[in-house]
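Quick mapping for you: the protein sequence lines, in order, are chains Y and D.
Okay, so the first sequence: first residue is 1 according to UniProt numbering, each after it adds one.
Okay, so the second sequence: first residue is 1 according to UniProt numbering, each after it adds one.
Every residue, glycine too, gets a C-beta built ideally from N, C-alpha and C.
What follows is a single structure, written as C-alpha cells, with notes after it.
There are 2 protein chains.
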Amino acid sequence: METINAYIDQHKDRFINELIELLKLPSVSADSAFSQDVLNTAEAVKKALEEAGCDHVELCETPGYPIVYGEKIIDPSLPTVLVYGHYDVQPADPLELWTSPPFEPVIKVTDLHPEGAIFARGACDDKGQMYMHVKAMEYMTRTGNLPCNVKFMIEGEEEVGSSSLSWFVERNQEKLANDVILISDTGMIAKDVPSITTGLRGLSYVEVEVTGPNRDLHSGLYGGAVANPVNILAKMIAGLHDENNHITIPGFYDKVEELSTEERSQMAKAPFSIDTYKKALDIEDVYGEKGYTTNERNSIRPTLDVNGIWGGYIGEGAKTVIASKAYAKISMRLVPNQDWKEITELFAKHFTSLAPKGVKVVVKPHHGGQGYVTPIDSIGYQAASKAYETTFGKSPIPQRSGGSIPIVALFEKELKSKTILMGFGLDSDAIHSPNEHFGVFNYLKGIETIPWFYKHFTELSK
Amino acid sequence: METINAYIDQHKDRFINELIELLKLPSVSADSAFSQDVLNTAEAVKKALEEAGCDHVELCETPGYPIVYGEKIIDPSLPTVLVYGHYDVQPADPLELWTSPPFEPVIKVTDLHPEGAIFARGACDDKGQMYMHVKAMEYMTRTGNLPCNVKFMIEGEEEVGSSSLSWFVERNQEKLANDVILISDTGMIAKDVPSITTGLRGLSYVEVEVTGPNRDLHSGLYGGAVANPVNILAKMIAGLHDENNHITIPGFYDKVEELSTEERSQMAKAPFSIDTYKKALDIEDVYGEKGYTTNERNSIRPTLDVNGIWGGYIGEGAKTVIASKAYAKISMRLVPNQDWKEITELFAKHFTSLAPKGVKVVVKPHHGGQGYVTPIDSIGYQAASKAYETTFGKSPIPQRSGGSIPIVALFEKELKSKTILMGFGLDSDAIHSPNEHFGVFNYLKGIETIPWFYKHFTELSK
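Structural data, given as C-alpha cells:
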C-alpha cells in the first residue's frame with residue numbers, strides 16, 4: 001500500500017484545487033442569509049462522494065439542512081467504518097481582520113507552513129479535514145485498496161448544534177450501522193507530534209436578554225434612578241465567577257469528574273511552553289480557575305465564557321441613552337458526566353436569580369451536547385495509533401481537547417459504537433477566527449494516514 | 001401685547017408646518033454619514049432667522065459644524081437677550097422601535113396630547129424648542145413688540161459635546177455680549193405645571209476598550225485559559241458600583257455638594273407619583289443609590305451609566321468565540337462643583353486599575369461639561385417667572401434637572417451672564433428615544449410665553 005504516497009504525488013495539485021473550490025462556497029449555517037450557499041455546498045459534497053467511488057449517494061432530508069450520505073459496501077462480513085464530517089462553517093466576521101477574503105481561498109507560506117497553507121473560512125474546520133477522507137476514499141477505490149465497508153455522513157449544522165443530525169441518527173440506526181466512527185474535526189499537538197483526541201468537552205450555549213424600562217431613556221433624566229439593563233447584565237455576568245474564577249452556579253460542579261494526580265501528571269507531560277503560549281496570543285498573563293494549569297483549564301475543567309454582548313448605542317460618537325434591553329450569548333464547556341440539559345437549567349435558574357426587581361430576564365437555550373471520553377485500548381484507537389506510527393514514524397499522544405463535538409456522545413448512545421478522533425489541524429490554524437487556514441502538509445498527511453487506519457482496523461478486527 | 005394670542009391663532013398652521021419641514025432634515029451630528037444633512041439644516045435655520053427679522057444672519061465657520069448667528073439691535077442702550085439652541089439631533093436608532101419614520105414627521109393625538117403632538121427625531125430636542133424662539137421673534141419684529149436687543153446663536157454639535165461652540169464662544173465675547181442667555185432645551189414638570197430649570201448636571205463621557213488575546217479565539221480550545229475581554233469588561237463595569245449603588249471611583253464624591261434637609265424637603269414637594277413613574281416605564285421597581293429618592297437620584301446626585309456595550313459575536317445564531325476586544329461607552333452625570341476633567345481622570349485611573357494582567361485597557365474621553373446652578377433671585381429668573389404667570393396663570397416651580405447642557409457653565413465663564421432655562425418639553429416626550437415627540441400645545445405655549453419674558457426682562461432691567 002506504499003502506493004498511497006505515489007498517488008498523492010501524482011494528484012496533490014488536483015486535491016488542493018478541489019478543496020479550494022469547495023472553500024469558495026460560504027456555507028455559514030448560523031446565518032440564514034447564506035442558506036442557498038449551504039445547500040449548494042451539500043450538492044458539491046454529494047458530487048465529490050460520487051466521484052470518490054461511493055454508491056447510493058444522496059441528500060437526506062432533515063428538519064434543517066440535508067445530510068450527505070454515501071456508502072461503499074464491498075462485503076457485509078467485513079467491518080464497516082462510518083466517516084462523519086460537516087460541510088457548514090462558522091460565520092466569518094469580523095471581516096476586517098481577514099488579510100484575504102474568507103471565501104476566496106489563497107495559499108500563503110507561513111513560518112510554520114513553508115509548504116504553504118490554504119487560507120479560507122472552513123479550510124481546517126471542517127471542509128479541509130472532511131475532504132481528506134473523500135480523497136483517501138478515492139485512492140482506496142481507484143487502486144483496489146479499500147479493505148472494508150465505508151459509510152459517509154456529512155452534515156450541515158455542526159456549527160449550530162447538529163439538531164438535524166440528532167434527528168437523523170435517531171431515525172436511521174440501521175442505515176448507519178457500523179463498527180467504528182472516524183472523525184477528523186480536531187487537532188494534533190504539533191506538525192511532528194501526532195495526537196489522538198480521547199476526550200471532548202460538552203457544551204451548553206444560551207442567549208440571555210435583560211429588559212429594563214420599556215423604551216430607551218435619556219441617561220440624564222433617568223440615569224441613576226432606574227436599573228440600566230447594560231449595567232445590570234454586566235453585574236450578572238460578573239456574578240457568574242467568584243474571586244478564584246470558580247463558576248458560582250449552584251450544583252454546577254456536582255458531577256464533574258476529578259482526575260487523579262497520576263492522570264494529571266500524565267497530562268503535564270505533553271509538550272507545552274507557557275511563554276510561547278502567551279507570546280502567541282500577545283497576553284501578559286494567562287487567566288483562569290485557581291488550582292489548575294492552563295492545559296487543565298481548557299480540557300478537563302468546565303468553563304463559562306461570554307461569546308457576544310450587545311446593548312445600547314454602539315455606533316460612532318456618543319449617545320446619552322439608557323437602553324431598554326441588553327443581550328449576551330454565553331456558552332459553557334462541560335466535562336464528562338455533566339449533563340448539558342441539566343446544566344442549562346441550573347444556569348437559567350441561577351442567572352435569573354441574580355437580577356434585581358427592576359429588570360426582566362429571559363434565558364434562551366441555543367443548543368448543547370455531552371462531553372465524551374474514549375478508551376485507548378479499543379481496536380479503533382490501536383488502528384489509528386498504528387496508522388500514525390506508519391506515516392509519522394512515532395506513536396500519537398492521547399489528549400483531551402477543550403472543544404466540543406456534541407454528536408460524538410449521541411453516536412455512542414444511538415449507534416453503540418466508539419468514535420476515533422484523528423485530527424490533523426493545529427491550534428495555530430485559527431479555526432473560528434479571522435484568517436483560518438490549513439497546512440498543505442497537514443492536508444496531504446491526513447490523506448496519507450487515513451488509508452492505513454482502514455488497513456489496520458480491518459486486520460485487527462479479524 | 002395680548003395680540004400674541006391672536007397672532008398665534010392666525011399663523012399656527014404655518015408655525016407647525018415650518019417646524020415639520022425643519023424636522024425632515026436628519027441632522028445627526030454623531031454620525032458623519034449625515035454631515036451634508038447637518039449642513040443643510042444650518043442653511044435652513046439661517047433662512048428662518050432672516051425671515052423672522054434678524055439682521056446680519058450668518059453661518060459662522062468653526063472647526064466643526066457652523067454656528068448660525070443672527071441679531072436685531074434696536075438700541076444699544078437697551079438690554080440684550082442671547083438666545084441659544086441647537087439644530088443637530090440624536091441618532092434615531094433603534095429604528096425598528098419607531099412607529100413612524102424618525103425623519104418623516106407626523107402629528108398624532110395621544111392621551112396626554114389631545115391637540116396632537118409632532119412625532120420626529122428632534123421634535124422637542126431641540127428643533128421644536130429652538131424654533132419657538134424663532135417664531136416668537138417673528139411675532140415681535142412684525143408687530144412692533146420687540147422691546148430690547150436680541151442675538152441668536154444656534155449650534156450643530158450639542159449632541160456630541162459642543163466643542164466647536166466652546167471654540168467659538170471663547171473667540172467672540174464681544175460679538176456675543178449680552179445681559180441674559182435664554183435657552184429652551186429642558187422640560188417642565190407637567191402641561192399645567194410650568195417649571196424653570198435652576199440646576200443642570202455636568203457630564204463626563206468616555207469610551208473604553210478592553211483587549212485580551214491578539215485575535216478572536218475558539219472558546220472550546222481557549223475557554224477558561226485566557227482572560228475573556230467581554231467577561232473582564234463586565235466584571236470591571238460591575239466593579240464601578242458597590243452594593244449600595246454608590247460609585248466606587250476613589251475621590252468621585254469629594255466635591256459633591258450635599259443639599260440641606262431643608263432643600264431636600266423643598267424638592268420633595270414637587271408633584272411626583274412613584275407608581276405612575278414605574279407604570280410609565282413598565283418596571284416592577286426603581287433602582288439606584290441607597291439613601292436617596294428617585295427625584296434626588298436623577299438630579300442632585302452624580303451617576304454612572306453604560307450607554308452602550310459590544311464585543312464578540314452579536315449576529316444571528318451561535319458562534320463559540322472568545323473575542324479579542326470588548327468595548328463600552330460610559331457616561332457619568334456630575335453635580336455642581338465636580339470638575340468633569342478631574343472626574344474623567346479619576347475614572348480612567350480607577351477603571352484601568354480594575355483590569356487583570358491578562359488584558360490591556362484604553363480609556364478614550366469623548367466629551368464632557370460642568371454642572372450648573374442658577375440663582376432664583378436674578379432679574380432673568382424673575383422675568384421668566386412673570387412670563388409663566390401670565391400665560392399659565394401660575395408661577396413656575398424651580399427644579400433641578402438630571403440632564404446636562406455643558407455649555408451653560410461655559411457661557412457664565414466666558415460671557416459673564418446668567419442663563420435662564422425655560423423648557424416646554426415633557427418627560428414623556430421621549431427625547432433621545434424612539435418616537436420622540438413634542439406637543440402642539442407645548443410648542444404654541446412656548447411661542448406665547450417667550451415674548452412676555454422679553455417684556456418683563458426689559459422692564460425689570462430699567
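In terms of DSSP beta bridges, what is residue i paired with?
i: D:Lys360; result: D:Thr211
i: Y:Lys325; result: Y:Thr211
i: Y:Asp55; result: Y:Glu71
i: Y:Gln399; result: Y:Thr197
i: Y:Met332; result: Y:Ser204 and Y:Leu304
i: D:Ala190; result: D:Val193
i: Y:Tyr372; result: Y:Leu200
i: D:Gly312; result: Y:Gly308
i: Y:Cys60; result: Y:Ile67
i: D:Ile247; result: D:His241
i: Y:Val89; result: Y:Val28
i: Y:Pro365; result: Y:Val206
i: D:His113; result: DSSP output for D:His113 lists no bridge partner at all.
i: Y:His437; result: Y:Phe119
Which same chain residues, not among the five before or five after residue i, have their C-beta less than 7 Å away from its C-beta?
i: D:Lys364; result: Val206 and Glu207
i: Y:Ala227; result: Gly212, Pro356, Gly358 and Val359
i: D:Ser29; result: Val38, Tyr65, Asp88, Gly156, Glu157, Glu159 and Val160
Between which residues of its own chain and residue i is the CB-CB distance below 8 Å, once the five residues before and five after are set aside?
i: Y:Leu415; result: Leu82, Val169, Gln173, Leu176, Ala177, Asn178 and Ile181
i: Y:Leu346; result: Ile249, Pro250, Gly251 and Phe252
i: D:Asn214; result: Ser324
Please report the residue range of the alpha helix (DSSP H) in which residue i lies.
i: Y:Tyr222; result: Ser219 to Tyr222
i: Y:Leu200; result: Note, Y:Leu200: premise wrong, no alpha helix (DSSP H); beta strand (DSSP E) at Ser195 to Leu200.
i: Y:Ile4; result: Thr3 to Leu23
i: Y:Thr390; result: Ile379 to Phe392
i: D:Gly446; result: Val440 to Ser461
i: Y:Glu345; result: Trp340 to Ser353
i: D:Lys413; result: Ile407 to Leu415
i: Y:Val230; result: Pro229 to Ala238
i: Y:Asn295; result: Thr294 to Arg297
i: Y:Leu281; result: Ile274 to Leu281
Indicate whether at least one CB of chain D lies closer than 8 Å to the CB of residue i.
i: Y:Ser265; result: no
i: Y:Ala318; result: yes
i: Y:Leu281; result: yes
i: Y:Arg121; result: no
i: Y:Ala234; result: yes
Are the C-beta atoms of residue i and some chain Y residue less than 8 Å apart?
i: D:Asn298; result: yes
i: D:Leu217; result: yes
i: D:His432; result: yes
i: D:Trp310; result: yes
i: D:Gly402; result: yes
i: D:Asn228; result: yes
i: D:Tyr313; result: yes
For residue i, collect the residues of the same chain with a Cβ closer than 6 Å to its Cβ; drop the 5 residues on either side in sequence, then sort them by chain order.
i: Y:His113; result: Gly439
i: D:Asp126; result: Gly85, His86 and Asp185
i: Y:Val373; result: Gly199 and Pro336
i: D:Val57; result: Lys46, Leu49, Glu50 and Gly70
i: D:Thr294; result: Val286
i: D:Phe453; result: Ala383, Ala384 and Ala387
i: Y:Ser164; result: Thr62, Pro63, Gly64 and Glu157
i: D:Asn307; result: Lys329 and Ser331
Give the range of the beta strand (DSSP E) segment to which residue i is assigned.
i: Y:Ala117; result: Ala117 to Phe119
i: Y:Val256; result: First-last for Y:Val256: undefined, no H or E at that position.
i: Y:Phe424; result: First-last for Y:Phe424: undefined, no H or E at that position.
i: D:Tyr84; result: Thr80 to His86
i: D:Ile181; result: Val180 to Ile183
i: D:Ile107; result: Val106 to Lys108
Within the 8 Å Cβ cut-off, does residue i reach chain B?
i: Y:Pro91; result: The chain labelled as chain B is not found among the protein chains of the depicted structure, namely Y and D.
Whole alpha helix (DSSP H) elements within the region 130 to 166 of chain Y, 4-residue minimum | Look at the region 130 to 166 of chain Y and you find no whole run of alpha helix (DSSP H) that is 4 residues long or longer.
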